[in-house]
Structure formats: C-alpha cells, structure tokens
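Chemist: For the sequence shown, position 53 matches number 117 in the working numbering, and the numbering has no gaps at all.
The beta carbon of each residue, even a glycine, is placed where N, CA and C say it ideally should be.
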Amino acid sequence: MILLMTTAPPKKAPWYHGRGLPPLGLAYIAAALEKAGFQVEILDNYLLNKPIEEVQQIVRKYNPEILGITCGSATYRPCIETAEAVKKVLPSCTVIVGGWHPSYVPESMLENSAIDYVVMGEGERAMVELASIITKSGIKRDLGSVAGVAYRSKGKTVKTNPEFISDLDQLPFPARHLLPMHLYERKMEYLDAFPIDTMHVIRGCPFNCAFCEITRLWGHNCRSFSPNRIVDEINHMVDNLGSKGIYFISDNFTIRKKETIETCQLIRKRNIDIQWVCDTRVDLISKDLLREMKRAGCRTIWFGVETGSPRILKKINRGVTIEQTIKAFKLCRQEGINISSSFMLGIPGETIDDMKATLKLAKKLNPDWCRFNIFVAYPDNILYQEIMKNHLYDRIEDFLVYVKTKDFDYEKMLKIQKQFHKEFYRSPKRIFRKIKREGALKVFRQGLQLVLQKR
Ligand code: B12
Ligand code: SF4
65 MILLMTTAPP KKAPWYHGRG LPPLGLAYIA AALEKAGFQV EILDNYLLNK PIEEVQQIVR
125 KYNPEILGIT CGSATYRPCI ETAEAVKKVL PSCTVIVGGW HPSYVPESML ENSAIDYVVM
185 GEGERAMVEL ASIITKSGIK RDLGSVAGVA YRSKGKTVKT NPEFISDLDQ LPFPARHLLP
245 MHLYERKMEY LDAFPIDTMH VIRGCPFNCA FCEITRLWGH NCRSFSPNRI VDEINHMVDN
305 LGSKGIYFIS DNFTIRKKET IETCQLIRKR NIDIQWVCDT RVDLISKDLL REMKRAGCRT
365 IWFGVETGSP RILKKINRGV TIEQTIKAFK LCRQEGINIS SSFMLGIPGE TIDDMKATLK
425 LAKKLNPDWC RFNIFVAYPD NILYQEIMKN HLYDRIEDFL VYVKTKDFDY EKMLKIQKQF
485 HKEFYRSPKR IFRKIKREGA LKVFRQGLQL VLQKR
C-alpha cells in the first residue's frame, strides 16, 4: 500500500497562522493512485499534529511499500525528520517527496539518504508511474522515462524534466474520502454557510509577480478544469459531503472570463444552492462577470493588493495600478460582493513611508477583511534571488530567509504589522461597517471577548 502524508506544523514559527485546510495536492495524487489500482491512505499530520513516535507507529501498522510526503519550504525540516524516522522503523519503505520545495530545490532533499525520490511539479502522473516501477505492478519501464523526477544514481543526481498535464479533466476528483473531513474546521469568516470545502481548479499563471513562484510549479500557461467538470465536482461535494460553501483556493479564478461565466451559468442551471468565495486579481473582473458570479452564489472575492506604494507595486511586477484596484473594489461594492484583501510588508527596498502608504490605501479601500503579511523569502522567486545576491537578511532557517535592510528587520516588521492591524480594525468607519453587517450585540460581545483575553 501507499501512505501519503503532510508533516506537523511548525507552531513556534512567527509566520504560522494555523488554518488547517484539506491537503488537496495529496488528495489528487491519492485519487490518481486509486484509479491506477493502488491501495492508498492519507495521514494529514499538518491537521492531526501527531508526534514523530506516533507517526512511526502508524507507519508500522500500515507497513507501506511507499511513503509520499508533501513538502513546502516552511516544512523542509519536519519532512526530513519524518523521512528519517520512518526509515528507522521501516527501512524497506521507499520515501518519495513532492510539492513546492522539492520541485524547486530537489538537491536539498536528495542530500539526505532517507529520501529516495523527488517528484518535481504536478504529482499525479509521476507518482503513478513511479509507484508502478517501484512495486513492479506496471509495465516494465525505467526511471529515466518518468517525467519530473529526481533521484541518486552512481553518486550523482539525475533529473528528468517535468511535463504538464494538458487535459486536467482526465484527473479523478480529489480523494476527499481518504481525509478526516469531519475534523477540518470547514467554516470561514468570508461566508455565512457551513460546512465550507475547498476546490483548486486552475493551474498555471501568465503573470510574473516577483514574490511568487506559482509559475515555477504550474507553468505560465494557465490550465483549468472545464466548467462542466467544476460543476460536477461541486455537485459531488454537495451530495457526498453536505458542502454548503466552496472556497476556490486557486489563484486567479476569473482568469478565463468566458469559462467563469459558463461555470456560473451551469451552477444556476443545475439549481445548486451554494455560496462561494474565490481568489483573483483586480484586473480580471468586470461588471458583467461580477453580476453572473453573484447570481451563482459568489459572496466574497479575495484580492492580493500587496502595497499602496506605486514604486513597490512596480518593483514586485504586479502588473496593476492602484487606480485599477480602487476601481475593482468599487465594482465589487456596486455588485454587492464582499472583499477580503491582503497586503505585504517588508519587501526589500521598501521604506517605512511605503508601508504607511500601504496602510493608507488599506483604510481607503476598506475591505471587509484585511491582512498585513510580513514577507519571508523562500526559493526561488525573483525577490528571493535579489535578497540572496545582496545579502539582505539577518537570519536563515533552513530555506526561510528573514529580510533585513537599512530600513527594517523582521522584529521591526512584527511591531508594524501589529500596529497596522490595530489601526485598520479599530477605525470608526470599520466599526460602523461591522455593526451594520453583523449587528451591534455581536460586535459588542467580540469586543468584550478581546478585552477579557488581554487581561
Ligand atoms: C491552500 C494553501 C494552504 C493551506 C493548506 C495547505 C495544504 N494542506 O495543502 C494552508 C492555509 C494550511 C497553507 C499553509 C501554508 N502555506 Co500554503 N498554500 C495554499 C495554496 C493557496 C493552495 C495549495 C493547494 O491546495 N494547491 C492545489 C494542489 C492540487 O496543489 P499542491 O498542493 O501544490 O500539490 C501538487 C504538487 O505540489 C505535487 N505535490 C504536492 N505534494 C506532493 C507529495 C508527493 C509525494 C508528490 C509526489 C507530489 C506532491 O502534486 C500535487 C498535485 O499535482 C498554495 C498556492 C497555490 N495556488 O497552490 C499556497 C502555498 C503552497 N503555501 C505556501 C506557504 C508559504 C504556506 C505557509 C508557510 C504559510 C504560512 N504563513 O503559514 C504554510 C505552510 C504549510 C505547510 N504545511 O507547508 C506557499 C509555498 C511556497 C513554498 N516554496 O513552500 C504557496 C505556494 C503560496 C505562495 N505562493 O507563497 N497553505
Ligand atoms: S501572485 Fe498571482 S498573479 Fe502573480 S504570479 Fe503569482 S499566481 Fe500569478
């Protein structure tokens, strides 16, 4: 059998925000493996947070031939520790890692003898082919014929180029039946509905923001599931999981306007009663599109606004202007769609004045929910390369790089972040809006709770 797992979260890290969502990447891989005839289990240890000894017991119990671990730059260390612990109790188990970090820095994984193979890029096809070779259950093939793998051979690292799956519709629905769905929170501030589940329907992005490495994993060519297939999956989730809300976690949900409209029309045509929230860019919406989205259940859109400084906006290569952002927010308000937005603080080259401009813009835009995130660099986007080249950091934890420039360091950013959240959420305009939306009693209770917590 094949065991797929996530690793326990690094709770002490200052950037950890603790939202546990089902690991859709592993669920996609599990579904592809099941379709190919393998027996699969998923251990979502990011959610369950089991100590390593317990993970060893679970591995002993399942006795898998293959263990697949998902790994981000933030979970590099726990991933290596898990692989080592598993090899101790089950040396015969083949350990394969995949996900964001291994895709960009495969060598960093293979330096460790507990890791046998790395999958780079999309995992479904590569994992099925690798598993067939390892378990000798498929046609006899050699490793070099599998696209997107890295492994050791005669003291050297061998890598094959990843290939993208062109027709995503051929992938089965993610194997949510292997996940402990009842243990996820399944509620979200952005929607009134419960339970809420996630979908990821677009892979790839034609833009090139300097802080983002999405394109390195999914490519510049944007591929998406067809409207029919998206709505089939929503239907499946409504019927099998009782889903009442969907969070489309893919970037740029509205990038293909025609298909987005088709999806919305299909939701209505099939009478699916669902609320949803999606992520997109401010330059990828229009009045007619928003109207269709609202009618099909869209309640909230999340925009990464990132900065209020035109200079920094240009530097991060966002490809939008502040005017476009203001216009997009206005359009959403006119069409009755709520807005959540995030801003970045601590970009190399940013000054305190740039950050103040960000707070000013956030207040002006007045989104329903707002988050200021501190930029931490990890391989291998444009900003990461600049930071490493110019030594703009004072701390590196494995592959996470804490930026330090003449204007700020991470500790200073933590203080500014706290102050910005306070200033944003406590403005009279904000409190008034919240009361209007949620009612005076609820807002008063929340305020009281905050005061009591601080005591
Ligand atoms: C939803 C989400 C989360 C959720 C849930 C994550 C989860 N359990 O899967 C939560 C909120 C918990 C989360 C937390 C964090 N996240 Co996050 N998250 C995302 C997001 C938006 C979608 C992930 C997703 O479901 N993708 C869809 C599935 C289908 O793709 P996938 O997971 O990448 O899996 C595919 C491949 O990567 C590969 N693969 C993945 N795992 C494996 C394992 C094996 C064995 C194999 C063979 C292949 C393989 O095959 C899969 C199918 O093709 C992405 C951005 C994005 N658009 O993808 C960021 C993203 C993955 N997150 C990121 C970050 C930085 C974080 C946090 C550090 C944030 C924080 N401040 O705490 C934490 C770290 C959590 C962790 N365990 O690593 C970065 C990762 C960058 C990096 N180099 O590591 C991303 C890319 C966002 C970004 N651009 O910065 N995240
Ligand atoms: S931040 Fe969004 S728009 Fe920019 S490159 Fe990444 S996925 Fe594309």
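Does DSSP classify R459 as helix, strand or coil?
Modeler: strand
Chemist: Mapping DSSP to helix, strand and coil, what is E326?
Modeler: helix
Chemist: From which residue to which residue does the alpha helix (DSSP H) around A421 run?
Modeler: 416-429
Chemist: To the nearest angstrom, report how far apart K470 and I278 are at their CA atoms.
Modeler: 29 Å
Chemist: Determine the closest residue to H246 out of P74, M252, V119, P86, with distance taken between C-alpha atoms.
Modeler: P86
Chemist: Does the beta-carbon distance from S405 to P431 come in below 7 Å?
Modeler: yes
Chemist: Could you name the residues that DSSP lists as bridge partners for V341?
Modeler: Y311, T364
Chemist: In three-state terms, what does DSSP make of N225?
Modeler: coil
Chemist: For A95, count neighbouring C-beta atoms within 10 Å of its own C-beta (all shown protein chains included) and say buried if the count is 16 or more, exposed if not.
Modeler: buried
Chemist: Assign A441 to one of three DSSP states: helix, strand, or coil.
Modeler: strand
Chemist: So for K220, helix, strand or coil by DSSP?
Modeler: strand
Chemist: Under a criterion of Cβ closer than 5 Å to any non-hydrogen atom of the ligand SF4, which residues qualify, in chain order?
Modeler: C269, F271, C273, C276, I278, D315
Chemist: How many whole angstroms separate the CB atoms of V302 and I338, which I take to be in contact at a CB cut-off of 8 Å?
Modeler: With a Cβ gap of about 7 Å, V302 and I338 count as contacting.
Chemist: Whole-angstrom Cβ separation of K114 and A178, contact assumed at under 8 Å?
Modeler: Rounded, the Cβ-Cβ distance is 19 Å, inconsistent with contact.
Chemist: The ligand B12 heavy atoms versus the CB of E186: any closer than 6 Å?
Modeler: yes
Chemist: Put F407 into one of helix, strand or coil per three-state DSSP.
Modeler: strand
Chemist: Of the residues I438, H455, I451, which one's Cα is nearest the Cα of Y474?
Modeler: Residue nearest to Y474 within the set I438, H455, I451 is I438 (criterion: CA-CA distance).
Chemist: Which residue from N402, G212, K506, V369 puts its Cα closest to that of I390?
Modeler: V369
Chemist: Here's the rule: buried if 16 or more other CB atoms are within 10 angstroms of the residue's CB, otherwise exposed. What is V217?
Modeler: The amino acid occupying residue 217 in the given sequence is Ser; Val does not appear at that position. Exposed, by the Cβ-count rule.
Chemist: Measuring alpha carbon to alpha carbon, tell me which residue in Y489, Q510, E414, F496 is nearest V467.
Modeler: E414
Chemist: So, are the CB atoms of F407 and F436 less than 7 Å apart?
Modeler: yes
Chemist: Taking its Cβ as the centre, do 16 or more other Cβ atoms sit within 10 Å of R459, making it buried, or is it exposed?
Modeler: exposed
Chemist: CB of Y311 to nearest heavy atom of the ligand ZN: below 6 Å?
Modeler: The model depicted lacks the ligand ZN and carries the ligand B12 and the ligand SF4 instead.
Chemist: Helix, strand or coil, according to DSSP, for R287 in the structure here?
Modeler: strand
Chemist: Quick check: the Cα distance between S455 and V440, rounded to an integer number of angstroms?
Modeler: One detail in the question is off: residue 455 reads as His in this sequence, not Ser. Our two residues, H455 and V440, have alpha carbons roughly 14 Å apart in a direct line.
Chemist: If T134 sits next to L67, beta carbons under 8 Å apart, how far is it from one beta carbon to the other, in whole angstroms?
Modeler: Actually they do not touch by this definition, with Cβ atoms about 12 Å apart.
Chemist: If you draw a straight line from the C-alpha of R205 to the C-alpha of M357, how long is it?
Modeler: 47 Å
Chemist: Where does N402 fall in DSSP's three states?
Modeler: Here N402 sits in strand by DSSP.
Chemist: Should G136 be counted as a contact of the ligand B12 given a C-beta to heavy atom distance under 6 Å?
Modeler: yes
Chemist: Assuming M184 is part of the beta strand (DSSP E), what are its boundary residues?
Modeler: For M184, there is no enclosing beta strand (DSSP E), as DSSP marks it with neither H nor E.
Chemist: To the nearest angstrom, report how far apart R397 and L354 are at their CA atoms.
Modeler: 10 Å
Chemist: Should the segment 245-264 be regarded as contacting the segment 161-172, the criterion being three or more beta carbon pairs within less than 8 Å?
Modeler: no
Chemist: Could you tell me if I380 is buried or exposed, where buried requires 16 or more neighbouring beta carbons within 10 angstroms of its beta carbon?
Modeler: The residue in question, I380, is buried, as its Cβ has 16 or more Cβ neighbours within 10 Å.
Chemist: May I have a chain-ordered list of the beta strand (DSSP E) segments no shorter than 3 residues that lie completely inside the segment 95-183?
Modeler: 104-108, 130-134, 158-162, 181-183
Chemist: If you measure from the CB of W366, is any heavy atom of the ligand B12 nearer than 6 Å?
Modeler: no
Chemist: Short check: CB of I365 to CB of I310, under 7 Å?
Modeler: no
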